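Participant: Be aware that the sequence shown starts at 14, since it is given in our numbering, and climbs by one per residue. Note that the Cβ used here is the ideal one computed from N, Cα and C, for glycine as well. Keep in mind it's a predicted model, so treat the numbers as computed, not measured. Structure provided below as structure tokens; questions to follow.
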Amino acid sequence: MALLHLERAVTGLGGWEVAHTWLAAAAHGPLSAGPDATLFFGTPALAFALHAAADRPGKYERALSALDARVAAVTRRRLDQAHARIDRGDRPVLAEFDLINGLTGLGAHLLRRDPYGELTRQVLAYLVRLTEPLGAQDLPGWWTDLAPTGRRSTDLPGGHGNFGMAHGISGPLALLSLATRRGIVAEGQVEAIGWICSWLDAWRQEHETGPWWPETITLEETRLGRPKHTRPRRPSWCYGTPGLARAQQLAGQATADTDRQRLAEQALISCLNDPEQLERITDHSLCHGSAGLFQTAWHIAADAHTPGLTAPLHDLAELLLTPESPGTAIGLLEGSAGLALALSTAAVDEPPASRWDTCLLLT
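See below:
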């Protein structure tokens with residue numbers, strides 16, 4: 014909610030007093046800096062929001078300095094644990110590296126807060142190491158022995174590979190690519206982008222409407238060489254074609270690979286022109302609903318070399334206005350604040366002034 018009112022304050026549509034009230038509410042009481050602290054929870058979440066509020070030098074300086082120290086401690090601890098895990102030859106849990114719970118999310122904040130800092134480079138170096146093969150099996154280093162829930166499952170005895178922006182390898186790909194675009198490059202970073210893209214290429218599927226990628230694959234599917242699903246699934250930011258397309262568009266920009274960029278853009282156009290896929294969007298959330306679909310598509314269209322995205326964007330903006338059953342969630346990823354922020358982008362047809370959607374690794 015603070016991010017919503019910050020965007021309104023920065024654009025002059027709302028007052029800073031309201032935004033400050035929400036920030037104060039977010040800061041009230043204990044803030045986690047423990048194992049559960051992530052970009053979307055605890056100290057790092059408040060640090061991200063407060064940085065968005067610091068629209069001039071010195072604003073919130075003392076609070077941000079204290080939060081910076083805590084976020085740094087959280088990040089160093091997570092990095093130490095991740096490198097120790099790799100040294101042991103164990104496979105990761107998704108929450109080690111993903112955007113929602115892991116080091117990619119912390120890296121997204123650091124890339125915005127301290128882009129040229131040493132800790133930012135350390136996160137990038139860890140993600141490079143994550144892409145390296147681990148063990149004798151021909152599986153990528155981000156393959157997990159667990160189910161997407163983060164738990165062991167008898168249904169997935171060999172674990173899975175996760176493609177998504179929220180919990181899979183597209184999040185690290187987007188972060189590595191965004192950093193590369195800014196000239197912030199750890200050793201092996203460009204090669205790591207290439208390894209991830211090669212894996213995505215190997216699992217790209219062709220449909221009569223255009224290319225798409227599975228949300229996850231199992232060990233059995235790697236042996237078959239194809240996913241069990243034969244059609245694209247929900248076109249969401251978190252797991253669907255839009256999020257994966259944005260990550261690959263960013264990768265194309267970062268490595269001057271115009272063919273990859275155009276493929277990603279064509280994948281989105283095909284997705285948006287397929288009524289069957291759009292019918293799978295059943296709510297207005299940022300995570301897996303129309304708000305996230307619109308915000309992702311808007312950024313792809315803004316950077317696109319490929320024509321044909323203007324008309325679908327207008328239709329998506331109309332989709333945001335369709336009534337839905339009243340919900341109780343007011344938050345960012347699954348609540349009304351996320352929808353309101355996407356509507357703000359649609360209304361002005363410009364990138365968010367507060368850059369709130371850097372937490373989604375869209376920009």
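Classify P48 as buried or exposed, calling it buried when 16 or more other Cβ atoms lie within 10 Å of its own Cβ.
Facilitator: Reading the sequence shown from its first residue, position 35 is the one you call residue 48. By the 10 Å Cβ count, P48 comes out exposed.
Participant: Do you know offhand how far E156's Cα is from T235's?
Facilitator: As a position in the sequence shown, residue 156 is number 143, starting the count at 1. As a position in the sequence shown, residue 235 is number 222, starting the count at 1. One point to set straight first is that residue 156 is Trp, not Glu, in the sequence displayed. Cα atoms of W156 and T235: separation of roughly 12 Å, rounded to the nearest angstrom.
Participant: Return the chain-ordered list of same chain residues with a C-beta closer than 8 Å to the C-beta of M178, the five sequence neighbours on each side being excluded.
Facilitator: The count along the sequence shown starts at 1 and reaches residue 178 at position 165. Within the same chain, M178 has close Cβ partners L112, G184, A187, W250, C251, Y252, G256, L257, R259, A260, L373, L374.
Participant: Please identify the residue among I313, Q274, G118, D81 whose C-alpha is closest to the C-alpha of F53.
Facilitator: Here the question's residue 53 lines up with position 40 in the sequence shown. With distances taken between Cα atoms, F53 lies closest to G118.
Participant: Do you know how far the Cα of H318 is from the Cα of H312?
Facilitator: Within the sequence shown, numbered from 1, the residue matching residue 312 stands at position 299. Within the sequence shown, numbered from 1, the residue matching residue 318 stands at position 305. Cα to Cα, H312 sits roughly 12 Å from H318.
Participant: Would you list the one or two residues that DSSP bridges to F54?
Facilitator: Along the sequence shown, one-based indexing puts residue 54 at 41. F54 pairs with T51.
Participant: Could you give the uninterrupted runs of the alpha helix (DSSP H) lying entirely in the segment 319-344, keeping only those of 4 residues or more?
Facilitator: Inside the segment 319-344, DSSP marks whole alpha helix (DSSP H) runs of 4 or more residues at positions 323-333, from first to last along the chain.
Participant: Quick check for students: name the residue ranges of the beta strand (DSSP E) that lie wholly in the segment 196-235, counting only runs of 3 or more.
Facilitator: 218-220, 223-225, 229-231
Participant: Return the chain-ordered list of same chain residues with a C-beta closer than 6 Å to the C-beta of T24, the five sequence neighbours on each side being excluded.
Facilitator: Residue mapping note: residue 24 aligns to position 11 of the sequence shown, counting from 1. Within the same chain, and ignoring the five residues on either side of T24 in sequence, the residues whose Cβ sits closer than 6 Å to its Cβ are A366.
Participant: Could I get the ranges of all uninterrupted alpha helix (DSSP H) runs contained in the segment 244-331, with 4 residues as the minimum, in chain order?
Facilitator: Look at the segment 244-331 and you find these whole runs of alpha helix (DSSP H), each 4 residues long or longer: 254-267, 271-285, 288-291, 303-316.
Participant: Which residues mark the beginning and the end of the alpha helix (DSSP H) in which G184 is found?
Facilitator: Taking the first residue of the sequence shown as position 1, residue 184 is located at position 171. That run of the alpha helix (DSSP H) goes 183-194.
Participant: Is the CB-CB distance between W369 and L16 below 8 Å?
Facilitator: As a first step, residue 369 must be located in the sequence shown, where it is residue number 356. As a first step, residue 16 must be located in the sequence shown, where it is residue number 3. Yes. Within cutoff.
Participant: When we look at the beta-carbon of V380 and count the other beta-carbons within 10 Å, is it buried (16 or more) or exposed?
Facilitator: No answer is possible for residue 380: it lies beyond the span of the chain, which begins at 14 and ends at 376.
Participant: For G174, which three-state DSSP category applies?
Facilitator: The count along the sequence shown starts at 1 and reaches residue 174 at position 161. Strand.
Participant: Where does H18 land, buried or exposed, given buried means 16+ other C-beta within 10 angstroms?
Facilitator: Start at 1 with the first residue of the sequence shown, and residue 18 comes out as number 5. That one is buried.
Participant: Please tell me whether L213 and L263 are closer than 8 Å, where the distance is taken between their beta carbons.
Facilitator: The residue given as residue 213 occupies position 200 in the sequence shown. The residue given as residue 263 occupies position 250 in the sequence shown. Cβ atoms of L213 and L263: not closer than 8 Å.
Participant: DSSP beta-bridge partners for T157?
Facilitator: Here residue 157 refers to the residue found at position 144 when the sequence shown is read from its first residue. The partner list for T157 (beta bridge, DSSP) reads H173.
Participant: Exposed or buried, what is Y139 when buried is set at 16 or more other beta-carbons lying within 10 Å of its beta-carbon?
Facilitator: Locating residue 139 in the sequence shown gives position 126, where the first residue counts as 1. Classification of Y139: buried, given that the 10 Å Cβ count is 16 or more.
Participant: Contact between the segment 326-340 and the segment 301-308 is defined here as three or more beta-carbon pairs at a separation below 8 Å; is this criterion met?
Facilitator: Yes, since at least three Cβ pairs between the segment 326-340 and the segment 301-308 fall closer than 8 Å, the two stretches touch.
Participant: Nearest CA to the CA of P320: which residue from H122, A280, T254?
Facilitator: Taking the first residue of the sequence shown as position 1, residue 320 is located at position 307. Comparing Cα positions, the closest option is A280.
Participant: May I ask you to report which of helix, strand or coil DSSP gives R134?
Facilitator: By 1-based counting over the sequence shown, the position of residue 134 is 121. The answer is helix: DSSP assigns R134 an H, G or I state.
Participant: Decide if A121 is buried, meaning its Cβ has at least 16 other Cβ atoms within 10 Å, or exposed.
Facilitator: The sequence position of residue 121 within the sequence shown is 108, counting from 1. Looking at its Cβ environment, which holds 16 or more other Cβ atoms inside 10 Å, A121 is buried.
Participant: Less than 8 Å separating the beta-carbons of L77 and A67?
Facilitator: As a first step, residue 77 must be located in the sequence shown, where it is residue number 64. As a first step, residue 67 must be located in the sequence shown, where it is residue number 54. Yes; because the gap between Cβ atoms is below 8 Å, this pair is in contact.
Participant: In angstroms with no decimal places, state the Cα-to-Cα distance between S6 and G42.
Facilitator: This structure gives no information on residue 6, because the portion of the chain shown stretches from 14 to 376.
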